[in-house]
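*Asks:* Below you'll find the structure I mean.
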Amino acid sequence: MAHVKLQLGISLHGVAVKVGVDVDPFVGSSLLLMYAKHGRVAAAELAFAEIRRKDLTCWNAMLDGYVSNGFGRDALMVASLMHQCGLTADMFTYVSAVKACLIAGELDFGRQLHGSVIHNMFESDTSVMNALVDMYFRAGMMGIAMAVFGRIRHKDTISWNTVISGFAHDEDERAVVGCFAEMKQSGGKPNEVTLSTMLRLAGAKENASLGLQIFGLAYRYGYPDSVLVANAVINMLSRCGLLYCAHGFFSNLSFRNTVTWNEMIAGYGLYSCSEDAMRLFRDMVCFGERPDEFTYSAVLSALQEAHEPKNHEQVHASILKQGIASQQFVSTSLIKAKAAFGSVQSALKVIEDTGKMDLVSWGVIVSSFLNNNLNGDVIFLFDLFRSDCMNKPDEFILATVLNACANAALIRKCRSIHSLVIRTGHSKHFCVASALVDAYAKCGDIAAAKSAFAAVSSSGDAILYNTMLTAYANHGLIDKALSLYQHMTQAQLVPTPATFVAIVSACSHFGLVELGKLVFSLMLSEDQGINPTRANFATLVDLLARKGLLHEAKGVIEVMPFQPWPAVWRSLLNGCRIHGNKELGVLAAQQILRMAPSNDGAYVSLSNVFAGNGEWHYAEEARRIMAEKQVRKVQGYSRIEI
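Residues in the sequence shown are numbered consecutively from 9, following the working numbering.
Listed below in structure tokens is the structure:
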């Protein structure tokens with residue numbers, strides 16, 4: 009349909025040229041906007057050049073055309089030329105120019121525009137102020153964004169949506185919910201954008217309670233048939249672990265677009281339901297819906313865990329048929345899929361076929377193999393990169409290969425890469441410094457980890473401090489961990505959920521239950537303002553279970569704002585094994601096997617619980633059922649560098 013409209017527009021352009029009206033400002037502006045809307049920026053520029061007497065409308069149209077196609081710097085040049093020509097900017101000029109600053113990353117120029125807005129008394133224009141709020145939020149300047157928002161005299165729905173989206177992007181649930189409540193109290197009416205943003209935040213935070221409340225509001229505000237809201241509902245239900253509900257909701261929809269299918273396929277991918285994802289992909293094609301790059305990314309992600317090369321090759325063939333294998337998003341997904349199958353050569357071939365053997369491509373391939381715990385392949389690829397690529401490794405690649413060294417406990421390789429880090433001037437990058445600290449700590453050299461940390465700790469980075477805290481905790485240095493946390497607070501560094509994971513984990517290993525509970529309570533306090541993650545609750549359950557407070561641990565699982573997952577039940581099961589609680593042990597094992605029927609650890613731990621109670625018949629029965637279901641115990645092993 010878009011192609012047909014473009015052809016019609018080109019025909020009308022020809023008619024305009026014949027009758028000589030293409031040079032008219034109104035006609036010329038309409039033509040360039042038509043071309044810009046279809047991504048034909050060069051044609052829009054030609055249409056603009058043909059206009060003889062360019063008025064403000066023409067300049068604004070060209071400015072908007074560049075912005076809508078992501079040409080931020082070109083748009084700013086147009087804005088500068090407008091000023092040189094003596095044209096007075098209006099609200100449309102300011103809105104487009106502010107958006108251009110955001111696209112081009114020119115925040116300083118954006119601040120100058122803000123000053124011009126104040127000087128020319130455009131603060132009363134809501135759309136201009138909305139654009140400024142959005143710019144500051146996207147630049148991470150929350151305080152200034154809220155200050156500008158506070159100066160908007162007549163806040164509309166877009167004003168509130170901008171603030172809600174800004175906090176939602178930062179996953180600040182408390183701020184989002186507060187803004188939403190204030191919006192309703194002030195008489196603002198949420199629209200489908202507001203509701204879909206809230207639903208996606210609920211999904212990201214795995215807060216099913218919030219998500220279902222917003223879902224109910226969607227009906228109250230008259231958006232039961234909004235495809236935007238429906239897509240967000242599927243996303244929320246899937247991320248909250250309610251996959252069955254998401255499937256039921258999807259099946260009952262009378263309206264769907266490509267995004268709807270993508271959300272459901274991605275939902276199956278979250279839980280490694282490869283057959284369901286593949287079936288839905290085939291249904292999508294049968295219903296005449298054209299897959300896009302996000303469809304292929306979702307279905308390839310679902311196939312990774314299942315290790316099904318046949319289905320993967322079918323999807324790969326479909327990608328080649330559509331001719332989109334070279335698109336960055338698709339090629340990245342293909343590389344990740346190849347890495348999941350452990351095929352280095354196939355992954356390299358994907359990069360070669362795209363013709364982009366650059367730093368980004370190498371970064372994708374090494375991180376993909378790292379994510380699949382193929383640490384030897386990561387190091388092989390890194391050495392290959394250094395011999396074949398003209399570019400020096402960037403901080404991302406260096407951090408990735410250091411993580412591989414940490415996983416494989418390769419202390420000599422770690423030291424070699426540390427030397428390379430110093431030579432290439434990347435030692436001050438926080439991601440590299442954190443990876444160095446982690447690698448040395450996991451290789452057993454806590455002194456080297458402390459030295460790497462000390463080299464950059466003065467700059468102050470919460471992630472770097474968290475890495476060092478975890479290192480101390482894992483090495484049993486609880487006093488040093490607590491001392492470092494105290495230093496962190498004195499330096500006014502804002503702790504993150506990971507900070508408290510490290511401290512509570514250290515308390516868990518040393519049996520310091522009361523201290524661990526106190527730290528967890530501190531995290532929940534108003535002063536910290538931190539929303540605990542799944543990892544925070546997992547460490548609390550582990551702390552309680554290790555000490556034998558099994559019913560209290562079970563209570564935490566039942567009241568936490570997340571759907572329980574196998575690992576958290578496994579912590580309770582291990583506690584039951586240690587302390588001989590058969591009843592809770594059986595319950596925990598049942599919950600694990602309900603979600604992960606092939607979990608070998610659940611059968612083995614349950615068998616050990618029975619054995620610890622002298623109930624050998626039940627212990628043998630657990631092993632027998634495990635054998636019947638063909639669940640094999642994965643053999644553990646250790647390795648050291650010689």
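Backbone N, C-alpha and C define an ideal beta-carbon position, used for all residues, glycine too.
From a predicted model like this one, the values you see are computed outputs, not experimental measurements.
Is the distance from the Cβ of residue 617 to the Cβ of residue 593 below 8 Å?
*Replies:* yes
*Asks:* Give me the residue from 317, 280, 294, 291 with the minimum Cα distance to residue 310.
*Replies:* Taking only the C-alpha atoms, the option nearest residue 310 is 280.
*Asks:* Would residue 207 pass as a contact of residue 240 if the rule is Cβ separation under 8 Å?
*Replies:* yes
*Asks:* Quick check on the DSSP output: the alpha helix (DSSP H) that includes residue 426 runs from which residue to which?
*Replies:* 419–431
*Asks:* Of the choices 361, 329, 92, 543, whose alpha-carbon is the least far from that of residue 340?
*Replies:* 361
*Asks:* Take residue 577 and list the residues in its own chain whose beta-carbon comes closer than 6 Å to its own, dropping the five residues that flank it on each side.
*Replies:* Here the set comprises 596, 599, 600.
*Asks:* For residue 400, which residues in the same chain have their Cβ closer than 6 Å to its Cβ, ignoring the five residues on either side in sequence?
*Replies:* Only residues of its own chain outside the window of five on either side were considered, and among them 432 have a CB closer than 6 Å to the CB of residue 400, listed in chain order.
*Asks:* Under the assumption that residue 386 contacts residue 393 (Cβ atoms under 8 Å), give the Cβ distance between them as a whole number of angstroms.
*Replies:* Not confirmed; about 10 Å, so no contact.
*Asks:* So, using beta-carbon positions, are residue 101 and residue 68 closer together than 8 Å?
*Replies:* yes
*Asks:* Look at residue 554 and residue 588 and say whether their C-beta atoms are less than 8 Å apart.
*Replies:* no
*Asks:* Hey, which unbroken runs of the alpha helix (DSSP H) at 4 residues or more fall wholly within the segment 339–424?
*Replies:* 352–362, 367–379, 383–396, 403–416
*Asks:* Please report the straight-line C-alpha distance between residue 526 and residue 215, rounded to a whole angstrom.
*Replies:* 24 Å
*Asks:* Using 8 Å for Cβ pairs, my map puts residue 234 next to residue 200. What's the rounded Cβ distance?
*Replies:* 4 Å
*Asks:* Check the C-beta distance from residue 580 over to residue 558 and give it rounded, since I have them as a contact under 8 Å.
*Replies:* Between residue 580 and residue 558 the beta-carbon gap is near 7 Å, inside 8 Å, which marks them as a contact.
*Asks:* Considering Cα atoms alone, identify which of 165, 410, 402 is closest to residue 434.
*Replies:* The option with the nearest alpha carbon to residue 434 is 402.
*Asks:* Report the rounded CA-to-CA distance for residue 66 versus residue 170, giving the unit in angstroms.
*Replies:* 28 Å
*Asks:* Taking the CB atoms as reference points, tell me whether residue 251 and residue 231 lie closer together than 8 Å.
*Replies:* no
*Asks:* Is it buried or exposed, residue 473, if we count other Cβ atoms within 10 angstroms and call 16 or more buried?
*Replies:* buried
*Asks:* At which residues does the alpha helix (DSSP H) containing residue 515 begin and terminate?
*Replies:* 505–518
*Asks:* Leaving out the 5 sequence neighbours to the left and right, which residues in its chain are closer than 7 Å to residue 448 when beta-carbon positions are compared?
*Replies:* 422, 456, 457, 460
*Asks:* Excluding sequence positions up to five away, which residues of its chain have a Cβ less than 7 Å from the Cβ of residue 482?
*Replies:* 449
*Asks:* Counting only the same chain and skipping the five closest in sequence on each side, list residues whose C-beta sits under 6 Å from that of residue 495.
*Replies:* none
*Asks:* Given a threshold of 16 other Cβ atoms within 10 Å of its Cβ, counted over all protein chains shown, does residue 181 qualify as buried or as exposed?
*Replies:* Per the 10 Å Cβ criterion, buried.
*Asks:* Let me confirm a value: residue 436 is counted as buried when at least 16 other C-beta atoms fall within 10 Å, else exposed. Which label applies?
*Replies:* That one is exposed.
*Asks:* Between 533, 247, 94, 511, which lies nearest to residue 544 when the distance is taken from Cα to Cα?
*Replies:* 511
*Asks:* Mind checking residue 502: buried by the 16 CB within 10 Å criterion, or exposed?
*Replies:* exposed
*Asks:* Whose C-beta lies closer than 7 Å to the C-beta of residue 130 among residues of the same chain, with five residues either side of it excluded?
*Replies:* Setting aside the 5 residues that flank it on each side, residue 130 is surrounded in the same chain by 99, 102, 136, each with a C-beta closer than 7 Å to its C-beta; the list follows chain order.
*Asks:* Pull up the distance between the alpha-carbon of residue 426 and that of residue 196, whole angstroms please.
*Replies:* 55 Å
*Asks:* When you compare each of 44, 47, 90, 41 to residue 63 by their alpha carbons, which one comes out closest?
*Replies:* 90
*Asks:* Is residue 335 helix, strand or coil when you go by DSSP?
*Replies:* coil
*Asks:* Could you check where the alpha helix (DSSP H) with residue 66 kicks off and where it finishes?
*Replies:* 64–76
*Asks:* How would you write the range of the alpha helix (DSSP H) that residue 90 sits in, first residue to last?
*Replies:* 80–92
*Asks:* So the candidates are 498, 476, 497; which of them puts its Cα closest to the Cα of residue 1?
*Replies:* No information on residue 1 is available, as it lies outside the stretch 9 to 650 that the chain covers here.
*Asks:* Could you work out which residue in 147, 142, 97 is closest to residue 126 when comparing CA atoms only?
*Replies:* 97
*Asks:* Could you give the distance in angstroms between the alpha-carbon of residue 407 and the alpha-carbon of residue 444?
*Replies:* Rounded to whole angstroms, the separation of the alpha carbons of residue 444 and residue 407 is 8 Å.
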